[in-house]
Every structure is written in structure tokens, then in C-alpha cells.
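> Below is a structure I'd like to ask you about.
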């Protein structure tokens with residue numbers, strides 16, 4: 001058991017090992033560890049962010065939905081109102097039309113009656129003439145009596 | 157030692173044989189081939205495994221190899237961040253290397269004490285001590301390297317004069333300069349020695365107990381070596397951990413400017 005040149009050999013080996021580890025082994029392994037740590041941290045942060053975004057989107061969606069509901073009910077209300085109005089309007093129009101038609105019919109009836117009356121008058125006048133002609137005989141001067149007849153028929 | 161091992165017979169011979177390294181050369185220029193070989197192979201294993209993980213490193217879902225490597229990296233990085241507050245590109249890879257390499261050294265202790273020497277003797281290798289951390293050279297090589305780094309960083313951060321001032325004027329002020337210097341020198345030198353001897357002592361004793369168990373009748377052996385091996389799993393990890401943490405602490409002390 002003695003200290004001898006083996007010591008020097010061992011020191012050289014040790015120095016070589018340490019140099020090699022320092023140069024080729026520690027840096028890549030340590031870097032890959034660090035990189036993975038960073039990646040994991042980033043991933044976690046992103047997950048957190050994603051969740052936050054999802055929460056926001058949900059909130060926003062709820063808002064939009066609510067707004068849409070409100071709008072649709074408003075539209076439905078408006079439509080109902082408009083429909084009521086339309087019904088009212090058409091009712092009015094129908095009423096007016098009816099009244100107008102009645103008026104037209106009445107006017108026609110009036111006209112018809114007027115015409116019938118006129119016809120009747122002329123017929124009576126002609127009958128009266130015929131009767132008078134027959135009564136008075138052939139001696140009636142057409143020209144002289146025409147005036148009288150038309151006066152009478154006008155009074156009718 | 158080799159001749160002693162040949163001379164002694166029985167239990168003592170067995171133990172000495174097991175604790176004798178395969179060596180070449182004489183005096184200081186002796187090389188423990190087994191220590192050099194096994195620590196280099198284990199270092200290669202460590203490098204191979206981590207290099208494979210590093211090449212395929214991706215920040216996507218990691219594979220099994222990468223996940224395991226990253227687990228160790230995270231573990232070491234946590235230790236470094238807990239005790240070291242400066243910025244250094246060296247210290248974390250250094251700590252990782254120390255932890256893995258020492259752990260692998262110590263792990264050799266869990267192989268049955270006779271199996272690798274037996275294979276060695278089949279190949280004509282007479283002595284084989286497979287646990288590098290039972291060799292003072294291995295543990296001291298590491299702790300002395302750490303010691304050099306402590307000195308280097310002390311001077312780099314505090315400046316040569318700052319470091320000298322710290323050695324001379326702390327902890328008792330300039331009036332007790334020699335005493336301060338003595339205290340500080342002992343403190344500094346104690347660092348590598350305690351690092352190396354702690355690891356060496358634990359593993360040497362552990363290995364010795366495995367060898368002693370191996371001397372007992374075969375029917376008793378499992379009841380002793382099994383619990384001791386389980387206990388040893390804790391020890392080898394703990395010793396690797398202690399070596400790493402103390403290195404980080406010493407280096408962070410070197411970085412702190414008073």
C-alpha cells in the first residue's frame with residue numbers, strides 16, 4: 001500500500017473524464033432539460049390562457065344569445081302589432097267598400113226608378129192621347145194640340 | 157508485498173493475496189495496472205452511457221437512457237445549486253463525474269471477491285484487485301485534483317494576495333499571524349486527505365470484510381455476505397455522494413470572498 005506513479009495516471013484519467021463531461025455531456029443534457037422545462041411551462045401557461053379565453057367566449061356567447069332573444073321577441077311583437085293593424089285596416093276598407101257599393105246600388109236603383117217613371121209617364125201620355133184621340137175623333141189638329149199634350153205630359 | 161504473499165500461507169496469505177495489486181515497476185514508478193485498468197474501464201462506461209444519452213438528447217419525451225441520465229443530472233444540479241452560489245461551468249460536470257465514477261469504483265466491491273481474480277488467474281494474471289477505491293492512489297488522485305482546483309479557484313476569485321491574506325489574517329486577525337497560517341494550512345491540507353482517506357477507508361474495510369467472510373465455511377457465507385452486500389449498497393452510494401458534496405462545498409468555499 002504505497003503512493004506511487006499510479007496516482008499520476010489516475011489524475012490524468014480523472015482530468016480527461018472531467019474535461020469530456022464538461023465539454024460533451026453536461027451541456028446537451030442540461031440544455032435539453034432546461035428546454036423541456038420551458039416547454040412545459042409554456043404549455044401550462046397556454047392551457048391557462050386557453051381556459052381563460054374559453055370562459056370569455058362563453059360569456060360573450062351568452063350575451064349574444066340574450067341579445068338575439070330580445071331582438072326576436074321584439075320582432076315578433078312588432079309583427080303582431082302590424083298584423084293587427086293590417087286586420088283593422090282591411091276591416092275598415094271592407095266596410096267602406098261595402099258602403100260605397102250600397103251607395104252605388106242605391107243610385108242605380110234611383111236611376112232605374114227615374115227611368116221607369118219617365119217611361120210610365122210617356123206611356124200614360126200616349127195612352128191619354130190615344131184615348132183623347134178616340135174621344136175627340138179625327139178632327140183634332142195634330143199641330144195645334146201637340147203643344148197642349150206636351151204641356152200635360154210635362155206636368156205629370 | 158508480492159514475495160510476502162507467496163511466503164504466507166492459509167488465511168493470511170489469502171487476504172494478502174487479495175489486497176495486493178497487479179503492479180509493474182519499482183519504487184515510486186510502480187504502476188498499479190489493475191487500478192488503472194478498472195478505473196479507466198469504469199470511466200469509459202460512464203462516458204459511454206452519458207454520451208449516448210447526450211447524443212440523443214431531446215426536449216421532447218425522453219427515452220429510458222435519457223431519463224436516467226437526466227435524473228442524475230438533476231440530482232447533481234440540485235446539490236450544486238444548494239451549496240454553490242457562484243457561476244462555474246466546471247463544478248457541476250465535475251460533481252457528476254465524481255459521483256458516477258466513485259460510485260462505479262465502489263460498485264466493483266459488490267462482485268464476489270473471488271470471481272474476477274479467478275478469471276484473471278485463468279488468463280495468467282497473478283494478482284487482481286478489482287475495486288479502484290481500495291487503492292490509495294485512486295482516491296488521492298481524485299482528492300488532490302480537487303485540492304488543486306480549490307487552490308486554483310481561491311487564487312482566481314480572491315487574487316493571490318487575497319488568498320494569502322485569508323491564510324494569514326483569519327480567523328484571529330493579524331496579531332496571531334503564524335498561528336492563523338498554521339491553522340489555515342492544516343485546514344486546507346486536511347481537505348484532500350480526509351476526502352481520500354474516508355473513501356479509501358470505507359471501501360478497504362468493506363472489501364476486507366467480504367474477504368473475511370469468504371474465508372468462512374461456505375454454508376455460513378450467504379448469511380453474512382448477503383446482509384453485508386445490502387448494507388454495502390448504501391455505503392457505496394453514500395461514499396460517492398459524500399465525496400461529491402464535499403467537493404462542491406470546498407469549491408464553493410474557495411469561491412467565497414470574505
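Residue numbers (our numbering), protein chains in the order written: chain A, 1 to 156; chain B, 157 to 414. All residues carry an ideal CB built from backbone N, CA and C; glycine is no exception.
Output the residue ranges of the alpha helix (DSSP H) runs that lie fully inside the region 340-364 of chain B and measure 4 residues or longer, sorted by chain position.
If we require 4 residues or more, the region 340-364 of chain B turns out to have no alpha helix (DSSP H) run fully inside it.
> Is any beta-carbon of chain A found at less than 8 Å from that of residue 172 of chain B?
For the purposes of this step, residue 172 of chain B is taken as residue 16 along the second chain, with counting starting at 1. Chain A, which has no Cβ nearer than 8 Å to the Cβ of residue 172 of chain B, makes this no.
> Note down the Cα distance separating residue 222 of chain B from residue 37 of chain A, rounded to an integer number of angstroms.
In the second chain, the residue the question calls residue 222 of chain B occupies position 66. In the first chain, the residue the question calls residue 37 of chain A occupies position 37. Near 15 Å, if we compare the C-alpha coordinates of residue 37 of chain A and residue 222 of chain B.
> Taking residue 53 of chain A as part of the alpha helix (DSSP H), name the residues at either end of that continuous run.
Against the first chain, residue 53 of chain A aligns to sequence position 53. Residue 53 of chain A -> alpha helix (DSSP H) spans 26-136.
> Using a Cβ-Cβ distance cut-off of 8 Å, determine whether residue 265 of chain B contacts chain C.
This model lacks chain C altogether; the protein chains it does include are A and B.
> Okay, do the region 235-252 of chain B and the region 56-75 of chain A touch, 3+ Cβ pairs below 8 Å being the bar?
Because the criterion of three Cβ pairs below 8 Å is not met, the region 235-252 of chain B and the region 56-75 of chain A do not touch.
> Specify the secondary structure class of residue 258 of chain B as computed by DSSP and reduced to three states.
In the second chain, the residue the question calls residue 258 of chain B occupies position 102. Note: residue 258 of chain B maps to helix in three-state DSSP.
> Please confirm whether residue 141 of chain B and residue 384 of chain B have their CB atoms less than 8 Å apart.
This structure gives no information on residue 141 of chain B, because the portion of chain B shown stretches from 157 to 414.
> Under three-state DSSP, which class holds residue 401 of chain B?
For the purposes of this step, residue 401 of chain B is taken as the residue at position 245 of the second chain. Note: residue 401 of chain B maps to helix in three-state DSSP.
> State the start and end residues of the unbroken alpha helix (DSSP H) segment that holds residue 230 of chain B.
Within the second chain, numbered from 1, the residue matching residue 230 of chain B stands at position 74. Per DSSP, residue 230 of chain B belongs to the alpha helix (DSSP H) from 220-239.
> For a contact meaning CB atoms closer than 8 Å, what does residue 312 of chain B contact in chain A?
Residue 312 of chain B sits at position 156 when you count from the first residue of the second chain. Near residue 312 of chain B there are no residues of chain A at all, since even the closest Cβ is about 16 Å away, more than 8 Å.
> Taking C-beta to C-beta, are residue 392 of chain B and residue 263 of chain B nearer than 8 Å?
Here residue 392 of chain B refers to the residue found at position 236 when the second chain is read from its first residue. Here residue 263 of chain B refers to the residue found at position 107 when the second chain is read from its first residue. In contact: residue 392 of chain B and residue 263 of chain B (Cβ atoms closer than 8 Å).
> If we cut at 8 Å on Cβ distances, does residue 35 of chain A have a partner in chain B?
In the first chain, counting from the first residue as 1, residue 35 of chain A sits at position 35. Yes, contact with chain B.
> Helix, strand or coil: which one does DSSP assign to residue 188 of chain B?
Here residue 188 of chain B refers to the residue found at position 32 when the second chain is read from its first residue. Reduced to three states, the DSSP call for residue 188 of chain B is strand.
> Confirm, please, whether the CB-CB distance from residue 10 of chain A to residue 294 of chain B is below 8 Å.
Locating residue 294 of chain B in the second chain gives position 138, where the first residue counts as 1. Locating residue 10 of chain A in the first chain gives position 10, where the first residue counts as 1. In contact: residue 294 of chain B and residue 10 of chain A (Cβ atoms closer than 8 Å).
> Near residue 397 of chain B, what residues of its chain come up, given a Cβ to Cβ distance below 8 Å and the 5 sequence neighbours on each side ignored?
Residue numbering aside, residue 397 of chain B sits at position 241 when the second chain is read from its first letter. Closer than 8 Å at Cβ, skipping near neighbours: 255.
> State yes or no: is the beta carbon of residue 20 of chain A nearer than 8 Å to at least one beta carbon in chain B?
Position 20 of the first chain, counted from the start, is the residue given in the question as residue 20 of chain A. By this cut-off, residue 20 of chain A is an interface position.
> Taking just the CA atoms, how far does residue 24 of chain A sit from residue 320 of chain B?
For the purposes of this step, residue 320 of chain B is identified with residue 164 of the second chain, where counting begins at 1. For the purposes of this step, residue 24 of chain A is identified with residue 24 of the first chain, where counting begins at 1. Computed Cα separation, rounded: 36 Å.
> Whose Cβ in chain B lies nearer than 8 Å to the Cβ of residue 5 of chain A?
One-based indexing of the first chain puts residue 5 of chain A at position 5. Result: 181, 184, 185, 186, 187.
> What residues in the region 343-358 of chain B bring their beta carbon closer than 8 Å to a beta carbon of chain A?
Residues: none.
> Taking DSSP's pairing of strands, which residues face residue 180 of chain B in a bridge?
Locating residue 180 of chain B in the second chain gives position 24, counting from the first residue. According to DSSP, which records beta bridges pairwise, residue 180 of chain B is partnered with B:187.
> Could you check what DSSP says for residue 213 of chain B in three-state terms: helix, strand or coil?
Numbered from 1 along the second chain, position 57 holds the residue referred to as residue 213 of chain B. Of the three classes helix, strand and coil, the one that applies to residue 213 of chain B here is coil, per DSSP.
> Give me the chain B residues within the contact set of residue 44 of chain A, using Cβ-Cβ distance strictly less than 9 Å, ordered along the chain.
Along the first chain, read from residue 1 onward, the residue named residue 44 of chain A stands at position 44. Correct list: empty, because the minimum Cβ distance to chain B is about 15 Å.
> Measuring only the C-alpha atoms, how far is residue 33 of chain A from residue 238 of chain B?
Locating residue 33 of chain A in the first chain gives position 33, counting from the first residue. Locating residue 238 of chain B in the second chain gives position 82, counting from the first residue. When rounded, the distance between both Cα atoms is 18 Å.
> Would you list, in chain order, the members of the region 277-288 of chain B that have their beta-carbon closer than 9 Å to a beta-carbon of chain A?
So the list reads 288, given in the order they occur along the chain.
> Where do the N-terminal and C-terminal ends of the alpha helix (DSSP H) with residue 276 of chain B fall, by residue?
By 1-based counting over the second chain, the position of residue 276 of chain B is 120. 271-278 is the extent of the alpha helix (DSSP H) around residue 276 of chain B.
> Please list the partners that residue 230 of chain B has in chain A, where partner means a Cβ-to-Cβ separation under 8 Å.
Residue numbering aside, residue 230 of chain B sits at position 74 when the second chain is read from its first letter. Residues of chain A passing the Cβ test: 33.
> In whole angstroms, what separates the C-alpha of residue 405 of chain B from that of residue 46 of chain A?
Translated into the one-based positions of the second chain, residue 405 of chain B becomes position 249. Translated into the one-based positions of the first chain, residue 46 of chain A becomes position 46. C-alpha separation (whole angstroms): 40 Å.
> By Cβ distance below 7 Å, which residues in the same chain neighbour residue 351 of chain B in space, the five residues on each side in sequence not counted?
Residue mapping note: residue 351 of chain B aligns to position 195 of the second chain, counting from 1. Here the set comprises 299, 302, 399, 402.
> Is DSSP giving residue 286 of chain B helix, strand or coil here?
On the second chain, residue 286 of chain B is found 130 positions in, with the first residue counted as 1. Of the three classes helix, strand and coil, the one that applies to residue 286 of chain B here is coil, per DSSP.
> Could you compute how far the alpha carbon of residue 19 of chain A sits from the alpha carbon of residue 373 of chain B?
Position 19 of the first chain, counted from the first residue, corresponds to residue 19 of chain A. Position 217 of the second chain, counted from the first residue, corresponds to residue 373 of chain B. Rounded to the nearest angstrom, the two C-alpha atoms are 47 Å apart.
> For the alpha helix (DSSP H) that residue 243 of chain B lies in, which residues bound it at each end?
On the second chain, position 87 is the one that residue 243 of chain B refers to. Segment: none, residue 243 of chain B is in no alpha helix (DSSP H) and carries neither H nor E.
> Express the C-alpha separation of residue 325 of chain B and residue 331 of chain B in angstroms, rounding to a whole number.
In the second chain, residue 331 of chain B corresponds to position 175, counting from 1. In the second chain, residue 325 of chain B corresponds to position 169, counting from 1. If I take the Cα positions, the gap works out to 8 Å.
> Looking at residue 248 of chain B: is its Cβ nearer than 8 Å to the Cβ of residue 233 of chain B?
As a working note, residue 248 of chain B is residue 92 in the second chain. As a working note, residue 233 of chain B is residue 77 in the second chain. Contact: yes.
> Does the beta carbon of residue 41 of chain A come closer than 8 Å to any beta carbon on chain B?
Counting from 1 along the first chain, the entry for residue 41 of chain A is found at position 41. No, no contact with chain B.
> Express the C-alpha separation of residue 257 of chain B and residue 173 of chain B in angstroms, rounding to a whole number.
One-based indexing of the second chain puts residue 173 of chain B at position 17. One-based indexing of the second chain puts residue 257 of chain B at position 101. Their Cα atoms are separated by approximately 26 Å.
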